[in-house]
Each structure stands twice: as C-alpha cells, then as structure tokens.
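Enquirer:
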Amino acid sequence: RERATAAEAARTGLAAEAHALGEVLAVKDNEQWPRMVDQLVVPPGLEAALGAALGEELDSAADTSAARHWRDLPPLAGSQALPPGAEPLAALVQAPPALARALSQIGLVADADAAFAAQPGLHPGQALVSRDGAVWRWDGYTIKAGTQTAAAVRLQQRNRLGELRRRLAAATAEAEAAAAARSEAETAERQGRDAADRLERTARTEAEKAERTARSEAETAERAARATAEAAERAAGAEAEAAEAAAHADA
C-alpha cells in the first residue's frame, strides 16, 4: 500500500507540474503563427547560448504570411568559416531550414578569452556564443555571460516539459504497477480471509454435527440400557411369580 501511495503521489506531482508548464507554453488563441522558438530541438545546456545569440528573433514565425518571419534562403555562397574551436550551432540544434544560415554562422566556444580575441576577425553575420549565454558578434555587439533572455527561458521550459513528460510516463507506469500489485495483495488477503472464514465455519459445523451425533448415540445407549434393565426386571419379576406359584402348588 505504501508503495502504491508513494507512486501515485509522485505521478500526481509530475502531472500537475507538466500541466502547469504546458499551459505556460501553449500557443495562445490570438497567436496565428507558431513561433520559431517552439519549433526547435535544443540539447539541454544550450538554451542560454541559442537564446542569447538570436534573442527575440526566435519569437518570429517560420510562416512567410506573418508580419515578422524567417524566410528560407539557400546556403551562403562561398566559404565563411568560423574561427578554429568554434562549433556551428547548425550541427547541434534541430531547426527548420529557414534557420540554417543563421545557425551555420553562430559558433559555440568553450574559451571566453579566445572568443573575445577572435571577435575582431569575425566575418559579417557571424557570432560566437558560450553555454552560459555570452555573445561576441562580428559588429562588436557583446552580451555578458549570465544575461537572461526570454527565448532562453522558453527553451529551458520546453526542455523541462519534455523531461517532465518522460518522467510522468515512467511514474504513471510505476503507479499503475503499484496499484495492480496492491489490488492483487488485497485480493489475496480477502481470499485468505474468506478461506479462513470458510474453514472456521466448516470446523464449527463439523463440531456441532459431532456433538449432535455423540448426544444422539448417548441417548440411544441410555434408552437401550434402560430397556435392558426393564426387561431384566420384568424377567426377574416373572421368575419370582413363577416360583411363588410353584410353592403354593406344592403346599
């Protein structure tokens, strides 16, 4: 029972958090076009980097009918390589084709000093980012590490929701298994009680039957003994009468 109760409590907690976060991330009725940020698959830990690099531009749509949107363009002509040690976000993030150009020119770096030194040599349109949200852009625009962005928060919430849903699926399976085990245990306990009750009733019935049988046999034996005694008494009386009659006849 304790396992089932704990499992159900865990499932309920995860379901409540997932529902609340799902409500926060749900597309509102007045939003005609889904935002680009909601069409990305970002590995955990890269939310701050991507959010800082593209910021509110991720709130734009992928649909060209929207007032603010991303247009799908072919790859840039010519090679415009990122500095050594910078890994393109295009290789790390799953995104619609419209973001291919932008992500190919944003490089993830591990060394802030190296990124700072490389910033003056970046080609137009390029930027370097770190996992903690620092940005060094080709035109000198810079964001310090730890600066929070709405896009990063939303990406983190989406990843959290995905994690919650996976944990909720596992918790639901565990709760169902625990409930089934509890049901089986209760059924076995109930069947055990029923069997014990049946045995008790059977034993009581047999005891009562044995008592009745013994009482009946005792009464039968008593009647037989009484009948025998009465027969012997009558026989003795008859003998006495016969002897008395014979004595009178001799006299």
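All letters in the sequence shown, in the order written, are residues 35 to 285 by my numbering. Glycine is no exception: its CB is placed at the ideal position from the N, C-alpha and C atoms.
1) Assign Gly141 to one of three DSSP states: helix, strand, or coil.
2) Take Leu84 as the anchor and find which of Ser164, Asp97, Ala40 and Glu264 has the nearest alpha-carbon.
3) Out of Ala211, Val187 and Glu240, point me to the one whose CA is closest to Ala40's CA.
4) Determine the extent of the alpha helix (DSSP H) in which Val187 is found, giving its start and end residues.
5) With a CB to CB cut of under 7 Å and the five nearest residues on each side skipped, what residues in its chain are close to Leu107?
6) My parser needs the alpha helix (DSSP H) runs of 4 or more residues fully inside the segment 53–140; what are they?
7) Which residues does DSSP pair with Trp170 in a beta bridge?
8) For the ligand GDP, I want to know if Ser164 counts as a neighbour, meaning its beta carbon is within less than 7 Å of at least one of the ligand's heavy atoms.
9) On the three-state DSSP scale, how would you describe Leu156?
10) If we count the other Cβ atoms within 10 Å of its Cβ and call it buried at 16 or more, is Ala87 buried or exposed?
11) Would you call the segment 192–204 in contact with the segment 171–180, where contact means no fewer than 3 C-beta pairs closer than 8 Å?
12) Does the structure place the segment 64–83 close enough to the segment 117–130 that three or more beta carbon pairs sit under 8 Å?
13) If Val71 and Ala185 are in contact, beta carbons under 8 Å, what's the gap, nearest whole angstrom?
14) Check whether the Cβ atoms of Pro158 and Trp172 sit closer than 8 Å, and answer yes or no.
15) Measure the beta-carbon distance from Val143 to Gly180 and round it to whole angstroms, keeping in mind my assumption that it falls under 8 Å.
16) Does DSSP classify Arg35 as helix, strand or coil?
17) In the structure shown, what three-state DSSP assignment does Thr181 receive?
18) Please report how far the alpha carbon of Glu251 lies from the alpha carbon of Glu234, in whole angstroms.
19) Using a 10 Å radius around the Cβ and a threshold of 16 neighbouring Cβ atoms, would you call Asp63 buried or exposed?
20) With a CB to CB cut of under 8 Å and the five nearest residues on each side skipped, what residues in its chain are close to Val75?
21) Roughly how many angstroms lie between the CA atoms of Gly47 and Ala203, to the nearest whole one?
22) Determine the burial state of Ala279: buried for a count of at least 16 other Cβ atoms within 10 Å of its Cβ, exposed for fewer.
23) Looking only at its chain, what residues have a beta carbon closer than 6 Å to the beta carbon of Asn193, apart from the 5 residues adjacent to it on each side?
24) Might you give, ordered along the chain, the residues of its own chain that have their beta carbon closer than 6 Å to the beta carbon of Ala149, omitting 5 neighbours on each side?
25) Anyone know if the C-beta pair for Arg102 and Ala95 falls short of 8 Å?
Expert: Result, derived from the coordinates:
1) strand
2) Ser164
3) Ala211
4) Ala184 to Asp284
5) Arg135
6) 81–88 and 134–138
7) Leu162 and Thr176
8) Questions concerning the ligand GDP fall outside what the structure shown contains, since it holds no ligand whatsoever.
9) coil
10) buried
11) no
12) yes
13) 5 Å
14) yes
15) Actually they are not in contact, since the Cβ atoms of Val143 and Gly180 sit about 16 Å apart, beyond 8 Å.
16) coil
17) coil
18) 25 Å
19) Unreliable positioning characterises Asp63 in this predicted model, as indicated by a pLDDT of 44, which lies under 50. The coordinate reading is nonetheless provided below. Asp63 comes out exposed.
20) Val127, Gln128 and Ala129
21) 13 Å
22) exposed
23) Pro78
24) Val143, Leu162 and Trp170
25) yes
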